[in-house]
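What follows is one structure encoded as structure tokens, with my remarks underneath.
There are 2 protein chains.
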Amino acid sequence: MKKLKLEDVAALAGVSKTTVSRVINRRGSLSQKTIDKVEAAMAQLNYHPNVIAQQLHTQRTNLIGILVPSVANPFFGELTMYLEDALFQRGYKVLISDALNQTAKEERYLSQLMGHQVDGLIIATHNNKLEEYQHANLPIVAIDRFLRADIPVVASDNYAGAKLATEALIQRGCQHIIHTYTTNPSNWHDNQREKAFQAVMADHHLPAITYTTAFDCPPAERTARFERLFDEHPAVDGIFASNDLDAARLLSLARARGYRVPADLQIIGYDGAQATQELVPELATIIQPIEQMATYAVKLLADRMAGKFTPTSTVLPVNLKTGQTLKTLS
Amino acid sequence: MKKLKLEDVAALAGVSKTTVSRVINRRGSLSQKTIDKVEAAMAQLNYHPNVIAQQLHTQRTNLIGILVPSVANPFFGELTMYLEDALFQRGYKVLISDALNQTAKEERYLSQLMGHQVDGLIIATHNNKLEEYQHANLPIVAIDRFLRADIPVVASDNYAGAKLATEALIQRGCQHIIHTYTTNPSNWHDNQREKAFQAVMADHHLPAITYTTAFDCPPAERTARFERLFDEHPAVDGIFASNDLDAARLLSLARARGYRVPADLQIIGYDGAQATQELVPELATIIQPIEQMATYAVKLLADRMAGKFTPTSTVLPVNLKTGQTLKTLS
DNA sequence: CTGAAAGCGCTAACAT
DNA sequence: ATGTTAGCGCTTTCAG
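Going down the list, the sequences are from chains U and H.
Per the numbering used here, the very first residue in the first sequence carries number 40; after that it's consecutive.
Per the numbering used here, the very first residue in the second sequence carries number 40; after that it's consecutive.
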């Protein structure tokens, strides 16, 4: 099967390439007769325009690159799904890139994505080497992380969420609360969740204990770290884990050690991806508005691409989901 | 910031466009001096070649489209991650498309993917309208579903997996076993897991009870269906759920009804995605070799694109993961 | 209303 | 070892 060109259609329809192009793009003025002829010819040949050639001219690909740490993580999987859907509705297709916490891979990606292969970029990864696209005048939107002053950020209300979580534990009688969270290059200097945790604990005159793990820490090591948490704080009666995967891990470690949840120990996570809620329905958590975050990010990106004014930062509200890992308030 | 062309670099380096092109592609013979000059010029201008123009010439995009039901599902999220990684290593980028169980969306996608915007396609969705790409001479590989005689399939050993699951329950004393699975256009005529379940049950002279849900059944309705399962079969003592999300759902419904797991009721799921194992570590399941499935699919696609011979069907082995939802064998 | 011709930015013969 | 020239398939002035 040889490649069909505009010319082949033109020849069959007995018109010029220009006319066929006009019919395809519904541009200029055509007689109905010509339109019919051309469309018949296209159908007969099963002709599909060569998108690449079209793009060469318009210099647009209608492709949006999205960088995530890993779609295998339920939160980012769901985020990706909503991003993809929102972009699809605006006529864009999605070039996905799983950074897999590998800085090298992410950098290669960024450099490849330049040269106008994508019309825009949505970034949700941690370990960005900003220099790579420092000079790119590519519209970019970041999700939940500050990249550069001129890149708009869409995030959920991390401070309010962490406050909700911490207060939920305190209200239910916890005295010995530990906060676990993941450190990464984009939050080490300004972690809203940690700040809220510290502030709420201070308000209640409680000691604020914190355990951190690196963003690229492998699962086994992460478990070891949490085992140590229980070794060092056997009297812990409340845990606020900054993501649901860690919360679930802590929950099962605690049960294995004989803690009764929520009687001895209460646990609350963070994220609230749909799949997580279905898999671990008993887990209390802070639900981020994943769909809205995606929708806003796409809207912002579209505005940027259209050269419109965009807010620097967009914060969306979160929700507390109680569950059997928390006591019921009397 | 205006657009940089090969010509700008050539001018700065004091050579011709061709030479710059040769330097970029490391083709032909160049003097080291020229190479240095050109690379300095590129660096100074922060020049990135226009990928679209390159593609117009080669008629290849190095883009592979992948169609999945939803990356928000841990199994497909993980599959996507591995596919992406394997493709990236071969120099391809991934155009992702979440069918979201919407036939209409999937069809629009398929038609857009034609016109040589992607060099190949990996399909893991259920509701394909094959006619759409009937005429496309696009290399395609399917994952876990038969699409057409000339499209190679990569799948895990569904028959062996279901056999393992069913026998695990029987070995542990289950007498009243129910199999739940999802029906979709690609398995209604030949569901290996259901067949294995039927066969093993028959071998043991046990009644084979089956509950099905449609692939596009919303979560709430799915839960209702499972509630009915318990209403109609209160004496159920073993459940083999054909995916882990359903298994987890059944587990929590059962606990809510007062079943002790595994004393009264044993449950085993299917899929074994990493995230699921971390979130619900107690769940016994059949682990599909997701990474290998992805690797093979990519290898097959690469072979197809290279015009090489490829097997029609590739079956990969699965593993039983026991867990606290099964009794321990004495 | 339609066609001829000039590019879009790059690569690959074909010179030199 | 390097430059000149002719396209890749399409869109778009500019004529008619």
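No residue lacks a Cβ here, since even glycine has one placed at the ideal position from N, Cα and C.
- Taking 3 residues as the minimum length, the region 44-100 of chain U contains no beta strand (DSSP E) run wholly inside it.
- Approximately 32 angstroms separates the beta-carbon atoms of Ile-103 (chain H) and Asp-47 (chain H); this is outside 8 angstroms, ruling out the contact.
- Scanning H:Asn-226, H:Ala-286 and H:Phe-185 for the CA closest to the CA of Thr-351 (chain H) turns up H:Phe-185.
- Near chain H, meaning a CB-to-CB distance below 7 angstroms, the residues of the region 106-122 of chain U are Ser-109, Val-110, Ala-111, Asn-112, Pro-113, Gly-116, Glu-117, Thr-119 and Met-120.
- The Cβ neighbour count for Ala-204 (chain H), taken over all protein chains shown within 10 Å, is at least 16; the residue is labelled buried.
- With respect to the C-alpha of Lys-42 (chain U), the residue from U:Val-110, U:Val-54, U:Asn-89 and U:Cys-213 having the closest C-alpha is U:Asn-89.
- When the Cα atoms are used, Asp-270 (chain U) and Ala-287 (chain H) turn out to be separated by approximately 30 angstroms.
- Measuring C-alpha to C-alpha distances from Thr-142 (chain H) to each of H:Leu-106, H:Val-357 and H:Gln-331 identifies H:Leu-106 as the nearest.
- With a threshold of 8 angstroms between beta carbons, Glu-78 (chain H) makes no contact with chain U.
- By the rule that beta-carbons nearer than 8 angstroms mark a contact, Pro-320 (chain U) touches chain H.
- Between the region 83-97 of chain U and the region 273-288 of chain U there are fewer than three inter-stretch CB-CB distances shorter than 8 angstroms, so the stretches are not counted as touching.
- Between Ile-135 (chain U) and Ile-161 (chain U), the C-beta gap is not smaller than 8 angstroms, which leaves the two residues out of contact.
- For Leu-139 (chain H), at least one C-beta of chain U is nearer than 8 angstroms to its own C-beta.
- When the alpha-carbon of Lys-76 (chain H) is set against those of H:Leu-318, H:Asp-255, H:Val-54 and H:Gln-214, the nearest one is in H:Val-54.
- Leaving aside the five residues that flank Leu-268 (chain H) on each side, the residues in its chain whose CB is nearer than 6 angstroms to its CB run, in chain order, Tyr-250.
- Under the three-state reduction of DSSP, Asn-197 (chain H) is assigned to helix.
- At least 8 angstroms separates the beta-carbon of Val-357 (chain H) from that of Ile-329 (chain H).
- Residue pairing of Val-107 (chain H) in beta bridges, as defined by DSSP: H:Asp-137.
- A distance of 8 angstroms or more separates the beta carbons of Ile-306 (chain U) and Leu-284 (chain U).
- Residue range 305-310 is occupied by the beta strand (DSSP E) that includes Asp-310 (chain H).
- Close to Val-133 (chain U), with beta-carbon spacing below 8 angstroms, are these residues of chain H in chain order: Leu-134, Ile-135 and Ser-136.
- Annotation: Lys-347 (chain H) is outside any alpha helix (DSSP H) and is labelled neither H nor E by DSSP.
- Residues of the region 306-338 of chain U with a Cβ closer than 8 angstroms to any Cβ of chain H, in chain order: Ala-312, Gln-313, Ala-314, Thr-315, Glu-317, Leu-318, Val-319, Pro-320 and Glu-321.
- Of the residues U:Asn-223, U:His-215, U:Glu-260 and U:Asn-140, the one whose Cα lies closest to the Cα of Pro-246 (chain U) is U:His-215.
- Scanning the region 283-336 of chain U from its first residue to its last, the whole alpha helix (DSSP H) runs of 4-plus residues come out as 283-295 and 313-318.
- Secondary structure of Tyr-148 (chain H) (DSSP, three-state): helix.
- In its chain, beyond the 5 residues on either side, His-165 and Phe-254 have a beta carbon closer than 6 angstroms to the beta carbon of Asn-223 (chain U).
- Using a CB distance cut-off of 8 angstroms, Asp-47 (chain U) does not count as an interface residue toward chain H.
- The way I'd put it, the region 328-343 of chain U doesn't touch the region 333-346 of chain H; fewer than three beta-carbon pairs between them come closer than 8 angstroms.
- Assigned with DSSP and collapsed to three states, Ile-209 (chain H) falls in helix.
- When C-beta distances to chain H are compared with 8 angstroms, the residues of the region 72-98 of chain U below that value are Asn-85, His-87, Pro-88, Asn-89, Val-90, Ile-91, Ala-92, Gln-94, Leu-95 and Gln-98, in chain order.
- Residue burial is scored here from C-beta neighbours: Ala-345 (chain U) has fewer than 16 other C-beta atoms within 10 angstroms and is therefore classed as exposed.
- DSSP lists H:His-218 and H:Ile-307 as the beta-bridge partner residues of Phe-279 (chain H).
- Its Cα nearest to that of Asn-64 (chain H), the residue H:Glu-78 stands out among H:Glu-78, H:Lys-360, H:Leu-51 and H:Arg-343.
- Using a CB distance cut-off of 8 angstroms, Pro-356 (chain U) does not count as an interface residue toward chain H.
- Under the 10 Å beta carbon count, Arg-299 (chain U) is surrounded by fewer than 16 other beta carbons and is classified as exposed.
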